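Novice: I have a structure here, written as structure tokens, and I will follow up with some questions on it.
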Amino acid sequence: MSDNTKPPPFVEKDTAPSPSTHSDPEFATTYGINERSLLRKLDIHLLPAVCILYLLSFLDRANVANARLEGLTTDLHITPNQYLTGLTLFFIGYILFEVFWNVILKRIGPKLWLPSTTLAFGIVATLQGVIVYNGGNSGLAGFFVVRFMLGVAEGALFPGVVFYLSMWYKRAERQYRVALFFAMASLAGAFGGILAYGIAFMDGVGGYRGWRWIFILEGIFTCLVAIAAYWFVADWPSKAKFISEDERAFINARLKADSDATQNECISWANVVLALKDPKVWLYNFVFHTLSLPLYTLSLFLPSIIAALGYKTWQAQLLTVPPYALAAILTVVYAIVSERYGIRAPFIIFSTTTAIIGYCILLGNTNPTHRPGVSYTGVFFAAAGIYPSVALGLSWPAMNVSGQTKRAAANGLQITIGNLGAVIGTQLYRANDGPRYIVGHSVALAYLIMNIVVVSTLWWLLSRINRERDEKARLEPEILEGEWKGDTDPRWRFRV
0 MSDNTKPPPF VEKDTAPSPS THSDPEFATT YGINERSLLR KLDIHLLPAV
50 CILYLLSFLD RANVANARLE GLTTDLHITP NQYLTGLTLF FIGYILFEVF
100 WNVILKRIGP KLWLPSTTLA FGIVATLQGV IVYNGGNSGL AGFFVVRFML
150 GVAEGALFPG VVFYLSMWYK RAERQYRVAL FFAMASLAGA FGGILAYGIA
200 FMDGVGGYRG WRWIFILEGI FTCLVAIAAY WFVADWPSKA KFISEDERAF
250 INARLKADSD ATQNECISWA NVVLALKDPK VWLYNFVFHT LSLPLYTLSL
300 FLPSIIAALG YKTWQAQLLT VPPYALAAIL TVVYAIVSER YGIRAPFIIF
350 STTTAIIGYC ILLGNTNPTH RPGVSYTGVF FAAAGIYPSV ALGLSWPAMN
400 VSGQTKRAAA NGLQITIGNL GAVIGTQLYR ANDGPRYIVG HSVALAYLIM
450 NIVVVSTLWW LLSRINRERD EKARLEPEIL EGEWKGDTDP RWRFRV
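Here it is, written out as structure tokens:
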């Protein structure tokens with residue numbers, strides 16, 4: 000079949016099919032490809048690779064919380080406040096280059112870029128385990144440097160993968176995949192607790208403390224997977240080797256009918272500026288910003304929060320597993336259900352409300368050491384609400400921003416602005432505030448309330464624009480012809 004065969008006309012509707020998208024009869028007849036079978040093939044070749052890389056990424060950034068319980072700060076002579084500064088430096092490094100990293104990804108390609116950035120943060124993560132204290136501030140300096148460099152290296156992965164998936168899947172198919180990908184964050188939390196519990200028994204092996212082995216073993220494993228990733232991460236659709244030429248033509252046609260993913264768009268800073276000027280992009284940014292603070296404070300301080308309730312170190316490590324496991328399950332469930340009904344905003348609001356209940360429980364327990372079960376229940380609600388909301392919120396721009404460079408910039412910008420919340424959050428949970436952590440829990444609660452306001456505003460705005468374009472299409476049917484003009488095209492319908 001010729002690559003020049005034109006696809007049937009398509010007008011994007013404000014609906015979304017389930018993750019098992021039905022075949023388009025006209026496409027199937029024209030190209031002789033079963034769309035459902037092709038989607039399964041894409042999922043098998045694309046999703047496991049990026050999910051594994053992100054699981055390792057989140058594991059390597061959050062295992063510092065487990066290492067802290069095993070004596071990191073004591074051995075390196077780091078004060079509690081200096082430890083928090085190290086956490087902050089990670090996110091400063093993370094946000095500085097995110098937009099730039101996505102532009103580089105578009106130029107270099109995912110097959111080389113994604114494994115390379117994973118190898119980079121795997122090496123840095125390993126180096127956390129060999130920081131040496133030689134008196135003075137030597138341990139502190141080493142801790143600061145590796146946390147900052149870890150953030151720089153990890154900043155390329157998440158926004159890069161979101162953009163990468165947008166070049167393979169139609170808009171209606173992206174949310175489920177992005178949410179499944181992000182579910183690895185909560186799964187990493189569950190694995191992190193189990194691994195930390197087991198690795199801690201290596202305390203003294205080779206003259207190294209247990210917390211050092213947490214960094215070293217998990218970092219080395221990341222490096223090994225990153226090297227293998229050069230062979231199992233697929234390239235752009237135009238270069239990928241696991242699809243046939245007919246499948247390539249079909250993917251090209253279905254994406255061309257759906258969005259801009261097949262356009263040979265040159266990298267232009269003018270398109271980056273378009274993202275910066277779009278108020279909707281800034282609302283997507285603040286959707287994540289209002290979630291990133293509770294997300295990362297929970298990820299980085301959960302072992303300490305649980306330990307402050309009176310549990311022993313090994314108990315606290317293991318007790319982090321169930322809340323994360325529940326969060327991973329619910330993240331996938333929310334993604335499937337919201338995709339089936341074709342809406343996102345109501346599910347984000349409901350999930351965020353669940354997290355709000357969790358923080359109300361945590362703040363309402365005035366004597367957590369005598370009633371640790373109450374606070375632990377609050378942790379379950381918090382995790383069960385935060386992670387699904389983040390997954391749905393992060394997938395929004397991938398579906399709604401059109402123009403390849405603009406979308407790449409918007410994805411990077413969302414993570415950058417969002418993680419400013421994490422920068423703030425790393426300074427909130429101070430050791431002398433435990434076990435209630437009133438300041439940290441209160442700010443997280445306020446951020447979650449703001450998230451509902453931002454999501455509601457974006458829901459209203461996108462719905463209004465869709466109604467206006469529906470009316471314009473009814474009055475001026477000629478606008479349904481011609482090439483796509485990005486998300487400003489009158490045929491474009493935003494997914495709410």
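Using numbering that gives the first Met the number 0, read the sequence shown as starting at 0 and increasing by one per residue. Glycine residues also receive a C-beta, built at the ideal position from the N, C-alpha and C atoms. Nothing here was measured: the structure is a model prediction, and the numbers come from that model.
1. Between which two residues does the alpha helix (DSSP H) harbouring Leu308 extend?
2. Specify the secondary structure class of Thr365 as computed by DSSP and reduced to three states.
3. What is the DSSP secondary structure of Thr349, counted as helix, strand or coil?
4. Could you tell me the alpha carbon to alpha carbon distance between Leu156 and Thr368, rounded to whole angstroms?
5. Could you check whether the segment 349-367 touches the segment 445-465, counting it as contact only if at least three pairs of C-beta atoms, one from each stretch, sit closer than 8 Å?
6. What residue from Gly192, Phe180 and Pro114 has the CA that sits closest to Trp502's CA?
7. With burial defined as no fewer than 16 other Cβ atoms inside 10 Å of the residue's Cβ, what is the status of Leu275: buried or exposed?
8. In three-state DSSP terms, what is Thr289?
9. Would you decide whether Glu467 is buried or exposed? Buried here means 16 or more other CB atoms lie within 10 Å of its CB.
10. Using the Cβ count rule (16 or more neighbours within 10 Å means buried), how would you classify Gln314?
11. Consult DSSP for Lys279 and reduce its assignment to one of helix, strand or coil.
12. So, with DSSP's three-state summary, where would you put Arg429?
13. Assuming Trp100 and Gly159 make a contact with CB atoms under 8 Å, what is their CB distance in whole Å?
14. Quick one: give me the first and last residue of the alpha helix (DSSP H) that Glu69 is part of.
15. Suppose the cutoff is 8 Å on Cβ atoms and the five residues either side in sequence are ignored; what does the same chain contact list for Ile32 look like?
16. Would a C-beta distance cut-off of 8 Å place Met496 and Val123 closer than the cut-off?
17. Taking three-plus beta-carbon pairs below 8 Å as touching, is the segment 198-213 in contact with the segment 64-72?
18. Excluding the five sequence neighbours on either side, which residues of its own chain have a C-beta within less than 6 Å of the C-beta of Gly377, listed in chain order?
19. Taking the C-alpha atoms as reference points, what is the distance between Ser298 and Glu470?
20. Check whether the segment 50-60 touches the segment 181-198, counting contact only when three or more Cβ pairs, one atom from each stretch, lie closer than 8 Å.
21. Kindly indicate which residue of Ala326, Arg106 and Phe379 has the alpha-carbon position closest to the one of Ile304.
22. Am I right that Gly85 and Leu292 are in contact with their C-beta atoms under 8 Å? What's the rounded C-beta distance?
23. Measuring alpha carbon to alpha carbon, tell me which residue in Ala408, Arg435 and Leu427 is nearest Glu97.
24. Can you tell me which of Thr125, Ile347 and Arg406 puts its alpha carbon nearest to the alpha carbon of Val495?
25. Excluding the five sequence neighbours on either side, which residues of its own chain have a C-beta within less than 7 Å of the C-beta of His288, listed in chain order?
26. Shortest alpha-carbon distance to Pro345 belongs to which of Lys311, Thr319 and Gly384?
27. Would the beta-carbon of His44 fall within 8 Å of that of Phe180?
28. What residues in its chain sit with their C-beta under 8 Å from that of Val336, if we drop five residues either side in the sequence?
29. Tell me which residue opens and which closes the alpha helix (DSSP H) that Phe181 is part of.
30. Pick helix, strand or coil for Glu97, following the three-state DSSP scheme.
31. So Ala182 packs on Ala327, CB below 8 Å; how close in whole Å?
32. Does the distance from the CB of Thr117 to the CB of Ala233 come in under 8 Å?
33. Are Val320 and Gly192 closer than 8 Å when you measure CB to CB?
34. Can you tell me the Cα-Cα spacing of Thr296 and Tyr428, whole angstroms?
35. DSSP three-state label for Ala326, please.
Specialist: Answer, in terms of the structure:
1. Unbroken run through Leu308: none, as it is neither H nor E.
2. coil
3. Sequence check: residue 349 is Phe here, not Thr. Correct three-state label for Phe349: helix.
4. Taking the straight line joining both Cα atoms gives about 39 Å.
5. yes
6. An answer regarding residue 502 cannot be provided, because it is not within the stretch 0 to 495 covered by the chain.
7. exposed
8. Here Thr289 sits in helix by DSSP.
9. exposed
10. exposed
11. Three-state DSSP puts Lys279 in a helix.
12. coil
13. 6 Å
14. No alpha helix (DSSP H) contains Glu69, which DSSP labels as neither H nor E.
15. Phe26, Asp245, Glu246 and Phe249
16. This structure does not reach residue 496, given that the chain is present from 0 up to 495, and the question cannot be answered.
17. yes
18. Gly357, Ile360 and Leu361
19. 46 Å
20. yes
21. Phe379
22. So it is not a contact: roughly 18 Å between Cβ atoms.
23. Ala408
24. Ile347
25. Excluding its 5 nearest sequence neighbours in each direction, His288 has C-beta neighbours in its own chain below 7 Å: Ile416, Gly417, Leu419 and Gly420, listed in chain order.
26. Gly384
27. no
28. Phe346
29. Arg170 to Ile198
30. helix
31. Contact holds; Cβ gap of about 5 Å.
32. Contact: no.
33. yes
34. One C-alpha to the other measures close to 8 Å.
35. Reduced to three states, the DSSP call for Ala326 is helix.
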